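Remarks on the structure that follows.
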């Protein structure tokens, strides 16, 4: 007995006579449909490899006794299992063009001149450029040649602090020239959550056995501040020049307020520091006006008793209003605290991590191009340098923790904008005239707030003067240091083509 098998079911032939059709066997008369439950016992399926109908999702098969087909290479169960095991190949996930299936340890991605040191349980990636022993670097485009060996040097080492989403890679073009300008060592390090610095879990930080009574969040600004001070000691220096770009300027300024005696000068490049809306002079004028008003009211109250009573009632009302505002402020702080906790929990969830990955994937490369005045100058080498940290294990969760640390950072110190007038060390502010991320007018206002600061605006330049206009940037810094520390270096800049 033979059966014809197709995707519709099995058909039983009522006649032993079969007709050859299309390379297979077909019954000459309308067959009877058999269901799976009506298959003859003791028979199994055997595929016909010569049938052309099999190529059209219809296979001609016949039932043969098990004993006669003992040498068959497969069984119905094996065949069905093979069909079930056929799965479509999953497409590898990519973020900003970087394959996310094979993330690596940061040290495996390090450059030949990379260095690592442990600070408070975090392996910090850094590079050092020494004026005395500079290794050749094919990626550099600028060199500085000394005209005279008797020229003086600044003598202070320099710490470079990158901005958000960047790494020490952004300083590659200027590290060697700045080392020759200062005549000392220049050190750049990757802040936690960026570059090749290790990604740690803040919940399990610091490691067991640490002497820290109050654990410090490695993704907080204060951790980067303490790391900066640590590297000043690491370079065996009493003071250092801090150079901060964008958000790195926040770290530089906070490091100054943490230990002003350790900072020789600051260079703030496109500083992401919001300048106060009301300048200090205007505030002093308002205070002087309020004092004059109080003196006038006091003289009037002596002459008019009714005015004295009115003044007392006014002060009482003012105290009551202040008490109410104090209560409302306490309630506002409580609500703000609850809001921050809820937002932190949301960001640390799978949704928050997915959101971070989507933002980096959709806007990461676009943000790099938007940082330049002329995006056509951006090479593949630059894009690879910025996207390389996306190959590090845990990069996405580290960015989440960094964001949470910025949102929940609660410091008892006055706001930074109110303390800028207290800076007394030499400060240079460098900005591009076409910065689309931190507009140049903000840097101009900062220069008016920080006493004695110098402002330099580089033309036809975006948010990255030290990358897009590296030659002009180094020249500007060199002139500032010479003017500040009296160094009479005669140096010239030349581009290497």
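In our numbering, the protein residues as written are 784 to 1280. Where a beta carbon is used, it is the ideal one built from N, C-alpha and C, also for glycine. Just so it is clear, the structure is predicted and the values come from calculations on it, not from any experiment.
Where residue i falls: helix, strand or coil (DSSP)
i            : result
residue 939  : coil
residue 1147 : helix
residue 902  : strand
residue 1249 : helix
residue 1055 : coil
residue 1022 : coil
residue 862  : Residue confidence is low: residue 862 scores 49 on pLDDT, short of 50, so the model does not pin down where it sits. No coordinate-derived value is stated.
residue 1042 : coil
residue 1033 : helix
residue 910  : strand
residue 946  : coil
residue 1269 : coil
residue 894  : coil
residue 884  : coil
residue 1006 : helix
residue 879  : coil
residue 1260 : helix
Cα-Cα separation, residue i to residue j
i            : j            : result
residue 1200 : residue 906  : 32 Å
residue 1250 : residue 1152 : 12 Å
residue 1140 : residue 882  : 12 Å
residue 1253 : residue 1125 : 43 Å
residue 1156 : residue 1022 : 35 Å
residue 1004 : residue 1131 : 19 Å
residue 946  : residue 1242 : 21 Å
residue 1015 : residue 1038 : 11 Å
residue 1142 : residue 911  : 32 Å
residue 1262 : residue 941  : 16 Å
residue 1160 : residue 1257 : 19 Å
residue 1031 : residue 876  : 31 Å
residue 1362 : residue 1183 : For the chain, the structure presents residues 784 to 1280; residue 1362 sits outside this window and is missing.
residue 790  : residue 884  : For residue 790, the predicted structure reports a pLDDT of 45, less than 50, and the residue's modelled location is therefore unreliable. A value from the coordinates is still provided. Taking the straight line from one Cα to the other gives about 39 Å.
residue 1265 : residue 937  : 8 Å
residue 897  : residue 886  : 19 Å
residue 1158 : residue 950  : 19 Å
residue 969  : residue 908  : 14 Å
residue 1191 : residue 1055 : 18 Å
residue 959  : residue 1174 : 27 Å
residue 1227 : residue 1027 : 17 Å
residue 1197 : residue 948  : 27 Å
residue 1052 : residue 1209 : 14 Å
residue 1231 : residue 1058 : 9 Å
residue 1269 : residue 879  : 46 Å
residue 1044 : residue 966  : 21 Å
residue 1048 : residue 1042 : 12 Å
residue 1001 : residue 1008 : 11 Å
residue 899  : residue 1012 : 16 Å
residue 1060 : residue 961  : 34 Å
residue 1225 : residue 1185 : 25 Å
residue 892  : residue 998  : 29 Å
residue 954  : residue 972  : 10 Å
residue 1223 : residue 1034 : 20 Å
residue 1168 : residue 1133 : 28 Å
residue 1244 : residue 1255 : 10 Å
residue 985  : residue 1189 : 14 Å
residue 1237 : residue 1211 : 5 Å
residue 1136 : residue 1145 : 14 Å
residue 904  : residue 890  : 15 Å
Inter-residue CB distance, residue i and residue j (contact presumed, cutoff 8 Å)
i            : j            : result
residue 1029 : residue 1213 : Not a contact, Cβ separation roughly 12 Å.
residue 1267 : residue 1239 : Actually they do not touch by this definition, with Cβ atoms about 13 Å apart.
residue 1010 : residue 902  : 6 Å
residue 1127 : residue 1187 : 5 Å
residue 1248 : residue 1215 : 5 Å
residue 1202 : residue 1040 : 6 Å
residue 1025 : residue 1046 : 6 Å
Near the ligand PLP: residue i beta-carbon under 7 Å from a heavy atom
i           : result
residue 982 : Judged by which ligands are present, the structure shown has none, so any question about the ligand PLP falls away.
Residue-chain proximity (residue i, chain D), Cβ-Cβ < 8 Å
i            : result
residue 1264 : Annotation note: the requested chain D is absent from the structure, which comprises a single protein chain.
If you scan the segment 1158-1239 from start to end, which runs of the beta strand (DSSP E) of 3 or more residues do you find wholly inside it?
-> The beta strand (DSSP E) runs lying completely inside the segment 1158-1239 and spanning 3 residues or more are 1210-1215, given in chain order.
Are the segment 975-983 and the segment 1171-1190 touching, with three or more C-beta to C-beta distances below 8 Å?
-> yes
Secondary structure, alpha helix (DSSP H): runs of 4+ residues fully inside the segment 948-991 | 958-965
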